[in-house]
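Step one of this worksheet: look at the structure below.
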Amino acid sequence: MIQPDSSCAVTVNGISVRVPPGASVAAALVAAGTLCTRRSVTGQMRFAFCGIGQCQECRVSIDGQPHRLACRTSCKEGMHIVTGGEG
Amino acid sequence: MKLHIIGSGPAGLAAAEAGLAAGAQVCLIDDNPAPGGQIWRGGPGAWTDPRARALWEQVKDHPRLTQLQTAQVVGAVAPGSLLLENETGGTLVQFERLIVCSGAREVVLPFPGWTLPGVTGAGGLQALIKGGMAVRGRQVVVAGSGPLLLATAATALAAGARIEAIVEHQGLSRLSRFGFGLALRHPGKLRQAVSLFAALRGIPYLAAGQIVEARGPDALQRVVVRTPRAVREFACDFLAAGFGLSPNTDLGQLLGCAIAGGAIEADQRQRTSVQHVWAAGECTGIGGVDKALIEGRIAALDALGLAPTARELSVRRQCHDFSALLARSFALRPSLKDMCRPETIVCRCEDVTASALGPHGGWREAKLATRVGMGACQGKTCSAACSFLFDWTGPGARMPIMPASAGALSQIE
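First to last, the protein sequences are chains U and V.
Okay, so the first sequence: first residue is 216 according to this note's numbering, each after it adds one.
Okay, so the second sequence: first residue is 1007 according to this note's numbering, each after it adds one.
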């Protein structure tokens, strides 16, 4: 759940951003100005599409774990998010 | 008596409330971090629907409730056994009575540029905003077909976005017939529609409109749409493009439930064709929150050997009547196939274009030759598009129904 009166800090490709607690990783990417989650098999930039964990377009790396869904993962204090992964 | 419920959206919460009130043990399983499903997404702190709050109040601290959040159903392993995966790994869950409330997926159809970052489903954008994605001051175009376009526009507007246009593919005559149907049989729904339109006053609403293309280069910058009168171009940061919803029947199929008209078949007590398995909500047919609430309640009552009241059955009939009106009014028109050009990507996972798919005779043949549907989404996005574009019968569901780790799968003996 989102409480606008407090926030948590995460990094997106090394850039630190603050988001409301409970905000999705996809929300953190947009807050960091990154509209790219992964690169497609032909190298195109992609971003979250279905928003509900079905299309798999929003796969990013979170704290070293690849293929986590940005739309369905909640931000936690100190999370390191890396985008632009292939495949 | 113990009930397992898959999904904690309106149907799942209504089933849980009815089950607990009738004295059952309830295990509520959901793949999201917070309850509410898609319509009540964002968790209890973000809910505005009083029905969501009322249900959650009855359910949340109940001593006979077990809740498994962030638990993805990977598949049905054996009769009465499901494999779940969460952050810590895989778990087998045994059930006696199961209520499937697996919801729906958005139908998304390919058009040039639909893979650009910034293009989302219509419900997709709504879900992302409910998940805290900031759109304040951003330009948004909502396009496609169906009532979800209005709801998405309203959500984006309330979050501070500038809605440039709402583009609805159905023409005014079909839309007015829908409005007339609402007025005649569903006055509550008509009031909702009227209040949505009122909230969106001043925003261009283009009926009989169609997306021509979304333009980049690397991320969305503009969208071109065509109406019977003109071709128009809008600058935008987000294009929310949706063409309706389709029941998510994956788990139902794995359990062996009969599927009819693309939905899990359920009788008026929400029984599926499989003994001890009930289904409720959007997975039995698209009809919205009211249908989900009554079906969830009836499913839980029947699973516990209790009969619904005549009034409850009448509410259910009314909801199904609305569901049929919705399906009639917003059936996808063949002209939407024109959006997809030969060079347009259809399978987003494997970057397979329409021209690569066209020569094949069916889903299986195309899959073997082009890798369509063989990526991470397992055809969840492109199989509906291929069914519409090429009249192919899509794939059946198979284990695992979602990407799963080898560790989780190793739980299967």
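By construction, the Cβ of each residue, glycine as well, lies at the ideal position given by its N, Cα and C atoms.
These figures come from a predicted structure and were not determined experimentally.
Query	Result
Check V:R1423 in the structure and name its three-state DSSP category.	Any property of residue 1423 of chain V remains undetermined from this structure, which presents chain V solely from 1007 to 1419.
I'd like the span of the beta strand (DSSP E) that includes V:S1014, first residue to last.	Element bounds for V:S1014: n/a, residue is neither H nor E.
Less than 8 Å between the C-beta atoms of U:F262 and V:G1130, yes or no?	no
Is the segment 1377-1384 of chain V close to the segment 270-289 of chain U, with three or more CB pairs under 8 Å?	yes
What did DSSP end up calling U:R287 once you bin it into helix, strand or coil?	coil
Going along the segment 1135-1167 of chain V in order, which residues come within less than 7 Å of chain U, judged by CB to CB distance?	G1137, G1138, M1139 and A1140
Assuming V:E1102 and V:S1411 form a contact by the criterion Cβ under 8 Å, report the distance between their Cβ atoms to the nearest whole angstrom.	28 Å between Cβ atoms; not a contact.
Any beta-carbon of chain U closer than 8 Å to the one on V:G1096?	no
Given a threshold of 16 other Cβ atoms within 10 Å of its Cβ, counted over all protein chains shown, does V:H1175 qualify as buried or as exposed?	buried
Can you tell me where the beta strand (DSSP E) holding V:P1253 begins and where it ends?	L1251 to P1253
Quick one: what's got a C-beta closer than 8 Å to V:A1160's C-beta in the same chain, skipping five residues either side?	L1202, A1205 and L1206
With distances taken from CA atoms, which of V:S1320, V:V1083, V:G1248 and V:G1258 is nearest V:L1155?	V:G1248
On the DSSP bridge list, what partners appear for V:F1244?	V:V1146
Does the beta-carbon of V:S1179 have 16 or more other beta-carbons within 10 angstroms, so that it is buried, or is it exposed?	exposed
Please compile the residues from chain V whose C-beta is within a distance smaller than 9 Å of the C-beta of U:E301.	The contacting residues do not exist; U:E301 stays about 12 Å from chain V at best.
Alpha carbon to alpha carbon, what distance is there between V:R1235 and V:P1409?	45 Å
Can you confirm whether V:L1131, when its beta carbon is compared against all beta carbons of chain U, has any partner nearer than 8 Å?	yes
If you reduce the DSSP assignment to three classes, tell me which class U:H295 lands in.	strand
By Cβ distance, which residues of its chain are closer than 7 Å to V:K1373, with the 5 residues on each side in sequence left out?	G1379 and M1380
To which residues does DSSP link V:A1110 through a beta bridge?	V:P1253
Kindly give me the distance between the Cβ atoms of U:V240 and U:C290, rounded to whole angstroms, as I take these residues to be in contact under 8 Å.	6 Å
Express the C-alpha separation of V:D1256 and V:A1266 in angstroms, rounding to a whole number.	13 Å
Starting from U:S289, find everything on chain V with Cβ-Cβ shorter than 7 Å and list it in chain order.	P1039
Going by the CB atoms, is the gap between V:E1288 and V:G1048 shorter than 8 Å?	no
Do we get a CB-CB distance below 8 Å when we pair U:M260 with the residues of chain V?	yes
Measure the C-alpha to C-alpha separation of V:A1214 and V:P1153 and round it to an integer number of angstroms.	14 Å
Here's a check: name, in chain order, each residue in its chain whose Cβ is nearer than 8 Å to the Cβ of V:L1026, leaving out the five neighbours to either side.	V1032, Q1064, V1065, H1068, R1070 and L1071
Rounding to the nearest angstrom, what Cα-Cα distance links V:A1162 and V:G1086 in this structure?	42 Å
Quick check on this structure: which residue in V:P1365, V:A1022, V:R1232 and V:G1367 has the alpha carbon closest to the alpha carbon of V:A1058?	V:A1022
Which of the three DSSP states, helix, strand or coil, is assigned to U:H282?	strand
Let's see if you can read the secondary structure: which residues bound the beta strand (DSSP E) around V:S1087?	S1087 to N1092
Which residues in chain B sit within 8 Å of U:R274, going by Cβ to Cβ distance?	Although the question refers to chain B, the structure presented lacks it and instead comprises the protein chains U and V.
I need the boundaries of the beta strand (DSSP E) containing V:L1178, first residue and last residue.	Not the beta strand (DSSP E): V:L1178 falls in the alpha helix (DSSP H), residues L1178 to R1191.
I want to verify the contact list: residues of chain U whose CB lies under 7 Å from the CB of V:G1127, in sequence order.	F264, C265 and G266
Around the Cβ of V:P1314, are there at least 16 other Cβ atoms within 10 angstroms (buried) or fewer (exposed)?	buried
On the three-state DSSP scale, how would you describe V:M1345?	helix
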